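Those protein sequences? They're chains W and U, same order as listed.
The first sequence maps to residues 25 to 103 in the working numbering.
The second sequence maps to residues 25 to 103 in the working numbering.
We put the beta carbon where it would ideally sit given N, CA and C, even for glycine.
Everything numeric in this text was worked out from a predicted model, so none of it was measured.
There are 2 protein chains.
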Amino acid sequence: MPAVPDYLRISNRIMTEVESGKLKPGEKLPSIAQLCELHQVGASTIRQVFIRLEALEVINRRQGKGVFVTDPKTWLRKP
Amino acid sequence: MPAVPDYLRISNRIMTEVESGKLKPGEKLPSIAQLCELHQVGASTIRQVFIRLEALEVINRRQGKGVFVTDPKTWLRKP
DNA sequence: CCACATTTGTCCGTATGTATC
DNA sequence: AGATACATACGGACAAATGTG
Numbered sequence: 025m026p027a028v029p030d031y032l033r034i035s036n037r038i039m040t041e042v043e044s045g046k047l048k049p050g051e052k053l054p055s056i057a058q059l060c061e062l063h064q065v066g067a068s069t070i071r072q073v074f075i076r077l078e079a080l081e082v083i084n085r086r087q088g089k090g091v092f093v094t095d096p097k098t099w100l101r102k103p
Numbered sequence: 025m026p027a028v029p030d031y032l033r034i035s036n037r038i039m040t041e042v043e044s045g046k047l048k049p050g051e052k053l054p055s056i057a058q059l060c061e062l063h064q065v066g067a068s069t070i071r072q073v074f075i076r077l078e079a080l081e082v083i084n085r086r087q088g089k090g091v092f093v094t095d096p097k098t099w100l101r102k103p
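Quick look at the structure:
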């Protein structure tokens, strides 16, 4: 078993990319299908990523439109 | 379709029960099988609940042992 | 208005692995 | 060894919102 499961690895990677400026607030993430292809995982795994990132307020999901990145300043994190 | 999906409804319910004292910090949640029975959902839905609650640091999952509640004071929330 | 494609949303069942008791 | 319980991932089915023509 991997030390870090896919859904956590991908979540952390996305958060890092936003913090580094590679992904900017307001920007739309690739579609689920594209993320599946990119990370070589199933759609259900991407869904776990989204549930986690949404809980932390890192992303904003809009049915039919896409998934958008928020500003790191609004993320939920430890004090 | 329900205004609030199962995984959110159940997540919120658990958080409310901890805040109200019905569930105490350190306490073990019912098993996945029991939660499925209790809420009449599949195990995959309970998993979504756990992923969300873990992101918010409301629970602590320990493989083979169980899922334990944390103290509301340590939860991630909006300032 | 309608038809269609795209995209996200939700839920389920199953297979397999790993830790604990 | 066996039972229990959590962990991860996958694929399928259907719903709902959006945009385009």
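Shown here, LYS52 (chain U) sits in a strand according to DSSP, grouped into three states. In the displayed model, VAL93 (chain W) falls within a strand according to three-state DSSP. Beta-carbon to beta-carbon, ILE38 (chain W) and LEU77 (chain W) are separated by about 7 Å, close enough to satisfy the 8 Å threshold. Spanning the alpha carbons of GLN64 (chain W) and SER68 (chain U) requires a straight line of approximately 21 Å.
The bridge partners DSSP lists for ARG85 (chain W) are W:VAL91. Put simply, the backbone Cα of ARG101 (chain U) is about 7 Å away from that of LEU80 (chain U).
Annotation: Cβ neighbours of ILE75 (chain U) in chain W (cutoff 7 Å, chain order): GLN72, ILE75 and ARG76.
Per DSSP, reduced to three states, the secondary structure at LEU62 (chain U) is helical. The beta-carbon of ALA79 (chain U) is placed less than 8 Å from the nearest beta-carbon of chain W.
The straight-line gap separating the alpha-carbon atoms of SER44 (chain W) and LEU32 (chain W) is approximately 18 Å.
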